[in-house]
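*Asks:* Below are the C-alpha cells for one structure; questions will follow.
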Amino acid sequence: MKPTINISTLLIKHRAYLIREGILLSYTLFVTHFFIYQKLPFQKGYEFPLFTYIIISLMASFICTVNHYAYVKTKLPSSITSYWGKLGYQVLFNAVVSMLSYTFIYLLVNIVIFGSDFSVFRFLKYLAISETIIISYILTLTAYKLYKNTDSFQFKNEAEDKTLIVPSGQKDLQLKVADIAFIYSKGGMVSVHLKNHDRLITQYSSIDEIQDQFPIEQFYRVSRQYLINKEAVKEVQRDKNRKLILHPDPELFNGHTEEIVVSRYRSKEFKKWLKGELQELQEVPLV
C-alpha cells in the first residue's frame, strides 16, 4: 500500500516558508516591472519579462534565505536593552549580510555566467533595491520577534510573583515559584528542589497533584519524574529515536546527576516550549 500524502498537513507545516516565498515573489514581480523592465501590462508593447523575473526571483530567494538563517541565528548583545536599539542592530546586521550575499550573486551571474562588464551604477542600483526588500522583510520579522519576547517577559514577571502552598511534614510551606529549580518524583515521593539547593519532601505522591499550579511559560513536565524550570535547562542533546537528553544547569541541580530523557513523543513540544511557542503547544500523554 502506497503512503498517502496529506496536502493540508504539508501546507500547515510549511506555512511560514510558503508565506515568506509568496511575499518575496510579489516583491520581485514589483521590482522587475517598475525598476528593470519599466513597463506595465496595460502599456503598448508589453511582454511579460519571464527570464528577468526568474533570475531576479532566484537571486532574491538566495539572499532572503541567507538573511533568514542569519536572522534566526543572531543573538542580540545583552548590552542592547531598548526596543529601538535591538531593532536597529538587527536591521544593520542583516543589511551587511544582504550586501555580501548580493555582491556574490551579482558577480556570479553578471560576470562569470553572462560575461558582462562590471557597472558600478548598475551594481549600486540593484544593491539599493535588494537592501530595500531585505530591510522591509527583516523589520517585519524583528517586530514580531520582539513582540513575542515582550509577551514572554510579561509571563515571566507573573511567574516570579506567583506563590504556592506545599504540604511538607507537619507544615504547609509557602514558596515562590521563581525560587523552584525543579520538581522530582520517585517511588511515590515528590520533592521540591529550590535554587538555593534546599530540598523539601512533600506529601504528594505524584507530580500530577501539583503540576497545574505552575505556569506553563516557565515550567514544563518533561517526564513522569521531572517538572523543570526553564532556567534550569543548560543544554539539550539529540538522542536516537528522536529522543532528547536534557543537561541541566549543575548550579541549580546541585549534584542531581540523573540523566533526564525527553521521550520522542514529547520532544517536539518540549522544543516549542523552549522557544516560547506557547500558542502551538499540544497536550501529549506521558509514556
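Numbered according to the numbering used here, the sequence shown spans residues 56 to 342. Note that beta-carbon positions come from the ideal geometry of N, C-alpha and C, so glycine has one too. All figures in this text were calculated on a predicted structure; none of them were measured in a lab.
Among residues of its own chain, excluding the 5 on either side of K94, which ones have a beta-carbon nearer than 6 angstroms to its beta-carbon?
*Replies:* Here the set comprises Y101.
*Asks:* Y144 to G242, Cα distance in whole Å?
*Replies:* Cα to Cα, Y144 sits roughly 51 angstroms from G242.
*Asks:* In whole angstroms, what is the alpha-carbon distance linking V317 and L162?
*Replies:* Roughly 48 angstroms separates the two Cα atoms.
*Asks:* Starting from P222 and walking both ways along the beta strand (DSSP E), at which residues does that stretch end?
*Replies:* Unbroken beta strand (DSSP E) run through P222: 218–223.
*Asks:* Across which residues does DSSP place V245 in a beta bridge pair?
*Replies:* Paired residues: S240.
*Asks:* Give every residue of the same chain whose Cβ lies closer than 8 angstroms to the Cβ of V164, excluding the five residues on either side of it in the sequence, and list them in chain order.
*Replies:* Correct list, in chain order: I110, M114.
*Asks:* If you run the structure through DSSP and keep just helix, strand and coil, what is V277?
*Replies:* In this structure, V277 counts as coil in the three-state DSSP scheme.
*Asks:* Specify the secondary structure class of E290 as computed by DSSP and reduced to three states.
*Replies:* In the structure shown, E290 sits in a strand (DSSP, three-state: E or B).
*Asks:* Can you tell me whether T218 is buried or exposed? The criterion is at least 16 other CB atoms within 10 Å of its CB, across all chains shown.
*Replies:* Burial call: exposed.
*Asks:* Count the other CB atoms within 10 Å of the CB of S174; is the residue buried (16 or more) or exposed (fewer)?
*Replies:* Exposed: under 16 other Cβ atoms inside 10 Å.
*Asks:* Return the bridge partner residues of R254 from the DSSP annotation.
*Replies:* Bridge partners of R254: H248.
*Asks:* Would you decide whether L282 is buried or exposed? Buried here means 16 or more other CB atoms lie within 10 Å of its CB.
*Replies:* Looking at its Cβ environment, which holds 16 or more other Cβ atoms inside 10 Å, L282 is buried.
*Asks:* My guess is that L255 and L299 are in contact by the Cβ rule of under 8 angstroms, so how many angstroms apart are they, rounded?
*Replies:* Actually they do not touch by this definition, with Cβ atoms about 28 angstroms apart.
*Asks:* Near I184, which residues of its chain fall below 8 angstroms by C-beta distance, leaving aside the five closest residues on each side in sequence?
*Replies:* Excluding residues within five positions, the ones whose Cβ falls inside 8 angstroms are V86, F90.
*Asks:* CA-CA distance, C119 and G140?
*Replies:* C119 and G140: Cα-Cα distance of roughly 23 angstroms.
*Asks:* For G331 and E290, I'd like the C-alpha separation in whole angstroms.
*Replies:* Straight-line Cα distance between these residues: approximately 16 angstroms.
*Asks:* If we call anything under 8 angstroms between Cβ atoms a contact, is I235 one with I262?
*Replies:* Cβ distance not < 8 angstroms, so I235 and I262 don't count as in contact.
*Asks:* Tell me the residue span of the alpha helix (DSSP H) that contains L350.
*Replies:* Because the chain here runs from 56 to 342, residue 350 falls outside it and cannot be looked at.
*Asks:* Do you know how far the Cα of F106 is from the Cα of I271?
*Replies:* Rounded to whole angstroms, I271 to F106 spans 51 angstroms at the Cα level.
*Asks:* What's the C-alpha gap between W328 and V245?
*Replies:* Their Cα atoms are separated by approximately 23 angstroms.
*Asks:* Out of curiosity, what's the CA-to-CA distance linking L341 and R321?
*Replies:* Taking the straight line from one Cα to the other gives about 8 angstroms.
*Asks:* Between which two residues does the alpha helix (DSSP H) containing L228 stretch?
*Replies:* Premise fails: L228 lies in the beta strand (DSSP E), 226–231, not in any alpha helix (DSSP H).
*Asks:* Report all residues from its chain with a CB closer than 7 angstroms to the CB of L194; omit the five preceding and five following residues, and keep chain order.
*Replies:* Cβ neighbours of L194 beyond the five flanking positions: V146.
*Asks:* On the DSSP bridge list, what partners appear for I300?
*Replies:* The partner list for I300 (beta bridge, DSSP) reads Q292, V316.
*Asks:* With 16 as the cutoff for other CB atoms within 10 Å, does S250 come out buried or exposed?
*Replies:* First, the residue type needs correcting, since residue 250 is Lys and not Ser in the sequence shown. Label assigned to K250: buried.
*Asks:* The ligand ADP heavy atoms versus the CB of P303: any closer than 7 angstroms?
*Replies:* Ligands in the displayed structure: none, and consequently the ligand ADP is not present.
*Asks:* I need the straight-line Cα distance from E324 to P303, nearest angstrom please.
*Replies:* Straight-line Cα distance between these residues: approximately 18 angstroms.
*Asks:* Can you pull the DSSP bridge partners for L80?
*Replies:* According to DSSP, which records beta bridges pairwise, L80 is partnered with nothing at all.
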